[in-house]
DNA sequence: GGAAGCGAGTTGCATTATGCAACCGAAATA
DNA sequence: TATTTCGGTTGCATAATGCAACTCGCTTCC
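Residue numbers (this note's numbering), protein chains in the order written: chain A, 206 to 368; chain B, 206 to 368.
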């Protein structure tokens with residue numbers, strides 16, 4: 206345990222603070238989830254989550270600024286505004302699911318009776334975990350750090366980089 | 206987009222709020238990460254993260270209460286206290302990595318030059334994503350909700366349930 | 001053995017964020 | 001024309017956060 210050890214000078218340099226700045230408070234995360242559940246309008250978010258209206262307003266603006274939601278006034282009813290998830294938001298789904306699965310395992314009183322399934326065969330999805338480049342599941346003890354330029358990465362980009 | 210749709214009455218019932226209550230503020234997440242980087246002592250957390258001492262104290266107590274860290278006074282130097290990650294904490298690693306990868310992809314100025322690798326072959330790990338029960342990767346559009354009791358789940362428990 | 005230092009916190013106070021309820025203005029509806 | 005609906009603001013009370021200084025029980029060094 207604790208064998209994972211980044212050079213402490215570099216610890217601050219990773220994507221986590223950035224990610225947390227965008228969706229690092231409880232409400233933003235819950236708003237995102239509501240978004241994944243198809244909620245698109247101010248009042249729906251508000252009544253669904255029970256969040257204060259000023260805070261909701263503030264968070265939605267931030268999320269729009271950060272490209273998590275797009276904000277489009279409705280065509281047919283100009284009072285309404287649609288908040289839609291962007292691709293950037295959809296990329297957050299694995300993180301959200303991982304967190305939710307953890308919560309189900311450890312903190313939920315009664316596990317939800319809704320299960321996320323593969324629409325194709327309607328079987329429950331696998332719990333989120335870490336995999337090697339070839340798909341083998343990895344445990345915590347299998348992991349290690351390496352300097353980026355020394356790694357013969359199969360696919361670069363937003364891949365397994367960092368933490 | 207937005208085809209995923211839980212029954213709104215049940216939306217509140219899932220693991221996410223529980224998870225967020227435990228590690229749902231920016232600091233708790235950062236403390237957890239520092240823990241994964243081998244940090245174990247109060248002052249190390251403090252100087253590493255630049256968090257106020259009172260807040261750190263508060264968060265560590267909460268995390269210990271919630272079973273994320275264990276708190277053990279040191280044998281050989283009784284001034285020191287060791288905060289160690291528990292198994293429950295280690296189960297949070299996929300969520301943390303997923304979030305970090307997202308942050309690296311979207312928000313990081315300079316991507317970290319440290320990469321998480323499989324210690325066995327020293328190749329970068331795969332980006333975290335969702336998989337079907339048989340290991341096939343799933344896209345957002347492949348997902349759907351199903352009532353838990355209707356699902357012939359291969360392995361139950363903390364598996365793909367919910368969200 | 002005594003003085004100085006360290007590690008892990010507390011305490012007090014200023015600043016900031018959150019929550020609640022009431023209000024507003026434009027667009028739709030009756 | 002009067003009333004609702006929707007998406008917000010505004011003002012004010014309460015709670016959380018951040019900073020610096022302080023405590024207190026060890027250890028270490030002389």
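We put the beta carbon where it would ideally sit given N, CA and C, even for glycine.
{"Asked": "Identify whether residue 329/A lies in helix, strand or coil by the three-state DSSP scheme.", "Found": "strand"}
{"Asked": "Are the CB atoms of residue 294/B and residue 348/A nearer to each other than 8 Å?", "Found": "no"}
{"Asked": "When you compare each of 350/A, 230/A and 289/A to residue 278/A by their alpha carbons, which one comes out closest?", "Found": "289/A"}
{"Asked": "What is the DSSP secondary structure of residue 289/B, reduced to helix, strand or coil?", "Found": "strand"}
{"Asked": "Sorted by chain position, which residues of the same chain lie with C-beta nearer than 8 Å to residue 370/A's C-beta, five sequence neighbours on each side aside?", "Found": "This structure leaves residue 370/A out entirely; chain A is present only between 206 and 368."}
{"Asked": "Determine the extent of the beta strand (DSSP E) in which residue 320/B is found, giving its start and end residues.", "Found": "319-323"}
{"Asked": "With which residues is residue 261/A paired in a DSSP beta bridge?", "Found": "Its beta-bridge partners do not exist; DSSP assigns none."}
{"Asked": "Got a sec, what are the start and stop residues for the beta strand (DSSP E) residue 349/A sits in?", "Found": "348-352"}
{"Asked": "When the Cα atoms are used, what is the spatial distance from residue 317/A to residue 309/A?", "Found": "8 Å"}
{"Asked": "Could you tell me if the beta carbon of residue 345/A falls within a distance shorter than 7 Å of some heavy atom in the ligand SAH?", "Found": "For the ligand SAH, the structure offers nothing, since it holds no ligand at all."}
{"Asked": "Residues in the same chain with beta-carbon distance under 7 Å from residue 334/A, minus the five sequence neighbours each way, listed in chain order, please.", "Found": "342"}
{"Asked": "Consult DSSP for residue 225/A and reduce its assignment to one of helix, strand or coil.", "Found": "helix"}
{"Asked": "Using the three-state DSSP reduction, which class does residue 298/A fall into: helix, strand or coil?", "Found": "helix"}
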